[in-house]
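Engineer:
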Amino acid sequence: MQSTSIMLEVKHIRANQKEYVQALKKRNFEADSVFEAILNLDERRRSTQKKLDEILFESNSLSKEIGMLFKSGEAEKANAAKVKTAGLKEDSKRLGEEMGDVATELQALLYQVPNIPHPSVPAGKSEEDNEEIFSEGEIPILSKSALPHWELAKKYDIIDFELGNKITGAGFPVYKGKGARLQRALISYFLDKNTEAGYNEVQVPLLVNEASGYGTGQLPDKEGQMYHVGNDDLYLIPTSEVPLTNIYRDDLLNFKDLPIQLTAYTPCFRREAGSYGAHVRGLNRLHQFDKVELVNLVKPDDSYQVLDAMVEHIKTILRELKLPYRILRLCGGDLGFTSALTFDFELFSTAQDRWLEISSVSNFETFQANRLKIRYKDVDNKKALIHTLNGSSLALPRVLAGILENYQTDEGIVIPEVLRPYAGFDKIS
RNA sequence: GGAGAAAUGGCAGAGCGGUCGAAUGCGGCAGUCUUGAAAACUGUUGAGGGUCACACCUCCGGGGGUUCGAAUCCCUCUUUCUCCGCCA
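The numbering of the first sequence is the working numbering, which starts it at 44 and goes up by one.
Here's what the structure looks like:
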């Protein structure tokens, strides 16, 4: 595990203990005892540090003295002074170890605390309690012969699930012909839209180390979600958020550099342990899928405005694709561990008669920046943690599923107009 | 994969056992000069902890060791560069 410094957030916990406990109740997290333990440990950390500092000061001064004595030829006196250092050495070693233990314990506790939900987050237990805040797009009326996307995929031979089973296993489909081409068209279209909106396109590694996993909060919380490459102790990314946000790990940025807006296309890998059954059919849930991601690093004061802008940006894309969707504000129970406020975009899958999540847009405030130690220096030279945000724009398979299902006609699948220049065809038949 | 060399502040680059948190140059910031700018000159300029503020402590790739004392010596890991081999 990486040796992140003691979290700066302890300060905030101490200052806002009551409010935080209250807010965390919304996500059904009882923080009382953890906070108690954290504050006690922090107290102990500081007192131990103080004692250690004093001893080190003493032994530093003694060493300097000894040096001077040797220089001036007073070897006897010097040797006498040496004797005194033995006890100090022992004490400092003991206190040093104690410091290490306290710090490790403190960090372990801090890692257990999820992000403090934004005031607008509704209380709630599960996805049932998410709040729909917007919806748009016409739900097409399909003919009686309409098929779910996995049937369409077979009918037009554009996605082969069985082939994926053979090569790898369930959840690794093979896209073929116009299916592959359409997938590529979507990726290019999304990236172009993001670039137009001011995002900087980057390509990132698909394997990340442990430190990166801790930085964005996948570790230790979601250890089992990621594929782990044991030989080299690396993880396959579950989302490009991980490498993207870790680009700036341990950095002290200048306020002039902000906002930093990144977009990337990557495959994503998720073990999805424990999720089986009919609702994961076809493209609904995969172990490997493509996604175009947005990441924003901003000054704290700007983050909620940027969150809104991200939501608007994704709306624009879905509007252009003419797909029916809705936006949910996640309730405390459904909110991710690292997020303070999340909006989910769901696409209506007409042939399946259900909503599919295609984007999740979150403000992490300082939660990730704290773990990643991404700070910035403001105009007045004050240093503070930045805010990080991310969102999908968009997750490919479900968008593809939505297009296949919602755009199906008796003559074949019509390609949404905006995608035609990218795809090079206007129909799959 | 084999053989060598190296890792120091935003960058470049000294220091190789004792006031070294670190010379010097560039860059950055502030000021003087200027109608304004450039140039020149002057000053200032790493990070974290701690404190009301000082004091004080820690950090010269990571970890460990030797020593009263380590950027400097030893071990180890990682990374980078050069040469060789292999290769998309």
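All C-beta atoms, glycine included, are put in the ideal place defined by N, C-alpha and C.
Given the structure is predicted, the values throughout are model-derived calculations rather than measurements.
#1: Whose CA, out of 120, 366, 374, lies closest to the CA of residue 106?
#2: Among all the DSSP beta bridges, which residues are the ones paired with residue 296?
#3: In the DSSP output, what is residue 433 paired with across the bridge?
#4: Work out the CA separation of residue 342 and residue 61 for me, nearest whole Å.
#5: Are the region 332-347 and the region 299-317 touching by the rule of at least three beta carbon pairs closer than 8 angstroms?
#6: Just the C-alpha distance for residue 246 and residue 83, rounded to the nearest angstrom, thanks.
#7: Considering only residues of the same chain and omitting the five flanking positions on each side of residue 159, which have a CB-CB separation below 7 angstroms?
#8: Can you name, in chain order, every residue of its own chain whose Cβ lies under 8 angstroms from the Cβ of residue 297, other than the five neighbours on each side?
#9: Do residue 229 and residue 249 have their C-beta atoms within less than 8 angstroms of each other?
#10: Hey, out of 380, 431, 399, whose CA is closest to residue 389's CA?
#11: Mapping the DSSP letters down to three states, classify residue 189 as helix, strand or coil.
#12: Which of the three DSSP states is assigned to residue 57 in this structure?
#13: Identify every run of the beta strand (DSSP E) within the region 154-201, keeping only runs that are complete inside it and at least 3 residues long; order them along the chain.
#14: Alpha carbon to alpha carbon, what distance is there between residue 284 and residue 138?
#15: Residue 455: which of 214, 469, 442, 260 sits nearest, CA to CA?
#16: Return the CA-CA distance between residue 271 and residue 265, expressed in angstroms with no decimal places.
#17: Does the ligand NAP have a heavy atom nearer than 7 angstroms to the CB of residue 100?
#18: Could you tell me the alpha carbon to alpha carbon distance between residue 216 and residue 149, rounded to whole angstroms?
#19: Taking the alpha-carbon positions, what's the residue 256 to residue 362 distance?
#20: Taking just the CA atoms, how far does residue 276 sit from residue 252?
#21: Take residue 261 and list the residues in its own chain whose beta-carbon comes closer than 8 angstroms to its own, dropping the five residues that flank it on each side.
#22: Among 274, 417, 299, 440, which residue has its Cα nearest to the Cα of residue 325?
#23: Can you grab the Cα-Cα spacing for the pair residue 134 / residue 53, in whole Å?
#24: Tell me the DSSP secondary structure of residue 134 in three-state form.
#25: Ends of the alpha helix (DSSP H) at residue 362?
#26: Leaving aside the five residues before and after residue 258 along the sequence, list all residues of the same chain whose C-beta is less than 6 angstroms from its C-beta, in chain order.
#27: Does residue 75 pass the burial test, meaning 16 or more other C-beta atoms within 10 Å, or should it be called exposed?
#28: Report the residue from 200, 169, 461, 111 whose alpha carbon sits nearest the alpha carbon of residue 373.
#29: Residue 88 by DSSP, collapsed to three states: which one?
#30: Can you find the residues in the same chain that come closer than 7 angstroms, C-beta to C-beta, to residue 81, ignoring five residues on each side of it along the sequence?
#31: Just verifying my parser: in three-state terms, what is the DSSP assignment at residue 236?
#32: Are residue 371 and residue 175 close, meaning C-beta to C-beta below 8 angstroms?
#33: From the DSSP output, read off the bridge partner residues of residue 311.
#34: Taking the CB atoms as reference points, tell me whether residue 180 and residue 450 lie closer together than 8 angstroms.
#35: Report back the beta-carbon spacing between residue 182 and residue 393 to the nearest angstrom; my notes put them in contact at under 8 angstroms.
#36: CB-CB under 8 angstroms to residue 220, same chain, minus the five flanking residues each way: which ones, in chain order?
Structural biologist: Once the coordinates are examined:
#1: Residue numbering aside, residue 106 sits at position 63 when the first sequence is read from its first letter. Considering only alpha carbons, the answer is 120.
#2: Within the first sequence, the letter at position 253 stands for residue 296. Paired residues: 419.
#3: Residue 433 sits at position 390 when you count from the first residue of the first sequence. Answer is 338, 405, bridged to residue 433.
#4: Residue 61 sits at position 18 when you count from the first residue of the first sequence. Residue 342 sits at position 299 when you count from the first residue of the first sequence. Spanning the two alpha carbons is a distance of roughly 26 angstroms.
#5: Flag = yes, the region 332-347 and the region 299-317 touch.
#6: The residue you call residue 246 lines up with position 203 of the first sequence. The residue you call residue 83 lines up with position 40 of the first sequence. Spanning the two alpha carbons is a distance of roughly 44 angstroms.
#7: Walking along the first sequence from the start, residue 159 turns up at place 116. Hits under 7 angstroms: 63, 66, 67, 383.
#8: Looking up residue 297 in the first sequence gives position 254. For residue 297, where only same-chain residues beyond five positions count, the Cβ hits under 8 angstroms are 419, 420.
#9: Residue numbering aside, residue 229 sits at position 186 when the first sequence is read from its first letter. Residue numbering aside, residue 249 sits at position 206 when the first sequence is read from its first letter. In this structure, residue 249 does not lie closer than 8 angstroms to residue 229 by Cβ.
#10: By one-based count along the first sequence, residue 389 stands at place 346. Ranked by Cα distance from residue 389, the options 380, 431, 399 are led by 399.
#11: Stepping through the first sequence from its first residue, residue 189 is reached at position 146. Coil.
#12: Here residue 57 refers to the residue found at position 14 when the first sequence is read from its first residue. Residue 57 falls in the helix class under three-state DSSP.
#13: The qualifying runs are 174-179.
#14: As a working note, residue 138 is residue 95 in the first sequence. As a working note, residue 284 is residue 241 in the first sequence. Going by the C-alpha atoms only, they are around 39 angstroms apart.
#15: What you label residue 455 is simply residue 412 of the first sequence in a count that begins at 1. Per the Cα distances, 469.
#16: Taking the first residue of the first sequence as 1, we reach residue 271 at position 228. Taking the first residue of the first sequence as 1, we reach residue 265 at position 222. Answer to the nearest angstrom: the Cα atoms are 12 angstroms apart.
#17: Looking at this structure, you won't find the ligand NAP or any other ligand, since it has none at all.
#18: Residue mapping note: residue 216 aligns to position 173 of the first sequence, counting from 1. Residue mapping note: residue 149 aligns to position 106 of the first sequence, counting from 1. Approximately 44 angstroms, taken between the alpha carbons.
#19: As a working note, residue 256 is residue 213 in the first sequence. As a working note, residue 362 is residue 319 in the first sequence. Each residue's Cα considered, the two are about 34 angstroms apart.
#20: Numbered from its first residue, the first sequence carries residue 252 at position 209. Numbered from its first residue, the first sequence carries residue 276 at position 233. Whole-angstrom Cα-Cα distance: 7 angstroms.
#21: Numbered from its first residue, the first sequence carries residue 261 at position 218. 268, 269, 278, 281, 285, listed in sequence order.
#22: Here residue 325 refers to the residue found at position 282 of the first sequence. Looking at the Cα atoms, 440 is the closest of the given residues.
#23: For the purposes of this step, residue 134 is taken as residue 91 along the first sequence, with counting starting at 1. For the purposes of this step, residue 53 is taken as residue 10 along the first sequence, with counting starting at 1. Taking the straight line joining both Cα atoms gives about 27 angstroms.
#24: Within the first sequence, numbered from 1, the residue matching residue 134 stands at position 91. Three-state result, residue 134: helix.
#25: Residue numbering aside, residue 362 sits at position 319 when the first sequence is read from its first letter. Note, residue 362: alpha helix (DSSP H), 346-364.
#26: Position 215 of the first sequence holds residue 258. Excluding positions up to five away in sequence, the list reads 289, 292, 414, 415.
#27: Position 32 of the first sequence, counting from 1, holds the residue named residue 75. Exposed.
#28: The count along the first sequence starts at 1 and reaches residue 373 at position 330. When each option's Cα is compared against that of residue 373, the closest is 169.
#29: Reading the first sequence from its first residue, position 45 is the one you call residue 88. Residue state, collapsed to three classes: helix.
#30: Here residue 81 is taken as the residue at index 38 of the first sequence, counted from 1. The beta carbon of residue 81 sits closer than 7 angstroms to those of 53, 56, 149, 152, 153, all from its chain and outside the five residues before and after it, given in chain order.
#31: Position 193 of the first sequence, counted from the start, is the residue given in the question as residue 236. Correct three-state label for residue 236: helix.
#32: On the first sequence, residue 371 is found 328 positions in, with the first residue counted as 1. On the first sequence, residue 175 is found 132 positions in, with the first residue counted as 1. Closer than 8 angstroms, so yes.
#33: Numbered from 1 along the first sequence, position 268 holds the residue referred to as residue 311. For residue 311, which the question treats as bridged, DSSP gives the partners 332.
#34: Against the first sequence, residue 180 aligns to sequence position 137. Against the first sequence, residue 450 aligns to sequence position 407. Not in contact: residue 180 and residue 450 (Cβ atoms no closer than 8 angstroms).
#35: Residue numbering aside, residue 182 sits at position 139 when the first sequence is read from its first letter. Residue numbering aside, residue 393 sits at position 350 when the first sequence is read from its first letter. Indeed they touch by this definition, with Cβ atoms about 6 angstroms apart.
#36: Here residue 220 is taken as the residue at index 177 of the first sequence, counted from 1. Within the same chain, residue 220 has close Cβ partners 200, 201.
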